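Chemist: Taking the numbering used here, the leading residue of the sequence shown gets 13, the next gets one more, and so forth.
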Amino acid sequence: MAATTSPNMSSRAGSALDPRALADGLSQIFFQRNVWTGLLILAAFVVADWRMALLVVIGTIAGTLTGALIGADDVPLGMQGFCGALLGAAVYTALGSQGWAYPIAFVGGIACAFVTWFFVRLFASQPLKRFALPATTAPFCVVAGVMHATTASLQERSPAVHVTDGTVGTYLRSLLTNVSEVVLVSSVWAGALILLGLFIASWKVGLAAVMGSVVGSLCAFALGWSESDIGEGLAGYSGVLTAIALSVVFLRSSAASWIYAAVGTVVTAVVTLALNDATDAPHYTWPYILTTWVFLIIASAVPALRRP
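1) Measuring straight from C-alpha to C-alpha, what distance separates residue 203 and residue 69?
2) Enumerate in chain order the residues of its own chain whose CB-to-CB distance from residue 198 is below 8 Å, with the five nearest sequence positions on each side excluded.
3) Under a Cβ-count criterion, where at least 16 other Cβ atoms within 10 Å of its own Cβ denotes burial, should residue 269 be classed as buried or exposed?
4) Might you give, ordered along the chain, the residues of its own chain that have their beta carbon closer than 6 Å to the beta carbon of residue 18, omitting 5 neighbours on each side?
5) Mind checking whether residue 205 and residue 52 have CB atoms under 7 Å apart?
6) For the alpha helix (DSSP H) holding residue 112, just list the boundary residues, first then last.
7) Kindly indicate which three-state DSSP category residue 229 falls into: helix, strand or coil?
8) Let's see if you can read the secondary structure: which residues bound the alpha helix (DSSP H) around residue 31?
9) Among 318, 253, 293, 232, whose alpha-carbon lies nearest the alpha-carbon of residue 285?
10) Could you tell me whether the Cβ atoms of residue 74 and residue 96 are closer together than 7 Å?
11) Taking the straight line between their C-alpha atoms, what separation do you get for residue 48 and residue 86?
12) Give every residue of the same chain whose Cβ lies closer than 6 Å to the Cβ of residue 159, excluding the five residues on either side of it in the sequence, and list them in chain order.
13) Pull up the CB-CB distance for residue 252 and residue 306, whole angstroms please, since I reckon it's below 8 Å.
14) Residue 72 and residue 99 - do their beta-carbons sit closer together than 7 Å?
15) Residue 288 lies in the alpha helix (DSSP H); which residues open and close that run?
16) Would a check of beta-carbon distances place residue 234 closer than 7 Å to chain B?
17) Using only alpha-carbon positions, find the residue among 66, 148, 60, 169 that is nearest to residue 107.
18) Rounded to a whole number of angstroms, what is the C-alpha to C-alpha distance between residue 315 and residue 77?
19) Does residue 139 pass the burial test, meaning 16 or more other C-beta atoms within 10 Å, or should it be called exposed?
20) Would you mind giving the Cβ-Cβ distance between residue 201 and residue 59, rounded to the nearest angstrom? I have them listed as a contact below 8 Å.
21) Measuring only the C-alpha atoms, how far is residue 262 from residue 164?
22) What residue range does the alpha helix (DSSP H) around residue 239 cover?
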């Protein structure tokens, strides 16, 4: 038994450590499987801080390797890496680059694989199976929430730095920072790199990201968010994911899906504000997740909205 199992385990580990699988793990943050997109997302992390990029790589490797070892069959698609990647970014935002950050990112990446396994099994069971709900970034949010709650004594508090450039300038800035803040980075340059990567993967995905950013920022202004938060992308990043998810990823692209995605982005903005008002703890991508799950359940009863 051991003689046949060992090579299989080695093969799984080897496939998990394939550079393409790791790059795809980064691109899957935005639902894509594209090496160039993944590399541009990694470049966006480097723009923020190379140490953040290192933690992201550690989380990606840990999640991908663990997913392979526990038998996940979607490792080559990058589906086991993106939650670990985001976990690495969340560790950096909470702990900085102190020594504890690195083992926590690795352990957190491992945990993401097991929580992903749980959500996949949950959504494959009755009565949820008929809705075909994706686990998406929920495993990351669960693990990151636990990480944030249990590392309070280690967390570093950096003074907030706000860029003031007027209402119009703030809005234009937010169109790119909304994109970068999906990966917990507030940077126009990082947002531009990621957006370029999305257009490389698919012009529809890039356009959906732009739509989500535009609608998300408009809603943020309407809902009374501060200009500093809007400019940093804190109000609109979840809408970027919702727009992509509902327009071209989890629903077949059509006029109906794009309209539905725009409505979903508006709802995401409201959910984001509600969670922001309800707790001081980071809510990561929960606004996108909750909105998308509900909208996919509703879509199952709408003939014009078809799954791919």
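In this text, a Cβ means the ideal position worked out from N, Cα and C, and glycines have one as well. These figures come from a predicted structure and were not determined experimentally.
Modeler: According to the structure shown:
1) Here residue 203 refers to the residue found at position 191 when the sequence shown is read from its first residue. Here residue 69 refers to the residue found at position 57 when the sequence shown is read from its first residue. Their backbone Cα atoms lie some 19 Å apart in a straight line.
2) Here residue 198 refers to the residue found at position 186 of the sequence shown. The residues are 189, 192, 244, 245, 246.
3) The residue given as residue 269 occupies position 257 in the sequence shown. Classification for residue 269: buried.
4) Position 6 of the sequence shown, counted from the start, is the residue given in the question as residue 18. Legend: pLDDT at residue 18 = 46, less than 50; position of this residue unreliable, value from coordinates given subsequently. Same-chain partners within the cutoff: there are none.
5) Position 193 of the sequence shown, counted from the first residue, corresponds to residue 205. Position 40 of the sequence shown, counted from the first residue, corresponds to residue 52. In this structure, residue 52 lies closer than 7 Å to residue 205 by Cβ.
6) Locating residue 112 in the sequence shown gives position 100, where the first residue counts as 1. Here residue 112 belongs to no alpha helix (DSSP H), and DSSP marks it neither H nor E.
7) Within the sequence shown, residue 229 is the residue found at index 217, counting from 1. Correct three-state label for residue 229: helix.
8) Mapped onto the sequence shown, residue 31 falls at position 19. Start and end: 31 to 39.
9) Residue numbering aside, residue 285 sits at position 273 when the sequence shown is read from its first letter. Minimum Cα distance to residue 285 is reached at 232.
10) Position 62 of the sequence shown, counted from the start, is the residue given in the question as residue 74. Position 84 of the sequence shown, counted from the start, is the residue given in the question as residue 96. Their beta carbons are under 7 Å apart, which means residue 74 touches residue 96 by this criterion.
11) In the sequence shown, counting from the first residue as 1, residue 48 sits at position 36. In the sequence shown, counting from the first residue as 1, residue 86 sits at position 74. Answer to the nearest angstrom: the Cα atoms are 19 Å apart.
12) Here residue 159 corresponds to residue number 147 of the sequence shown, with the count starting at 1. So the list reads 120, once near-sequence residues are dropped.
13) Counted from its first residue, the sequence shown places residue 252 at position 240. Counted from its first residue, the sequence shown places residue 306 at position 294. Actually they do not touch by this definition, with Cβ atoms about 18 Å apart.
14) Here residue 99 corresponds to residue number 87 of the sequence shown, with the count starting at 1. Here residue 72 corresponds to residue number 60 of the sequence shown, with the count starting at 1. No, Cβ-Cβ distance for residue 99 and residue 72 is not below 7 Å.
15) Taking the first residue of the sequence shown as position 1, residue 288 is located at position 276. That run of the alpha helix (DSSP H) goes 267 to 290.
16) Note that chain B does not occur in the displayed structure, where there is just one protein chain.
17) Looking up residue 107 in the sequence shown gives position 95. Cα-wise, what sits closest to residue 107 is 169.
18) Within the sequence shown, the letter at position 303 stands for residue 315. Within the sequence shown, the letter at position 65 stands for residue 77. Cα to Cα, residue 315 sits roughly 40 Å from residue 77.
19) Taking the first residue of the sequence shown as 1, we reach residue 139 at position 127. Classification for residue 139: exposed.
20) If you number the sequence shown from 1, residue 201 lands on position 189. If you number the sequence shown from 1, residue 59 lands on position 47. About 5 Å; that satisfies the 8 Å criterion.
21) Working through the sequence shown from its first residue, we reach residue 262 at position 250. Working through the sequence shown from its first residue, we reach residue 164 at position 152. Going from the Cα of residue 262 to the Cα of residue 164 covers about 36 Å.
22) By 1-based counting over the sequence shown, the position of residue 239 is 227. Segment 239 to 243, the alpha helix (DSSP H) holding residue 239.
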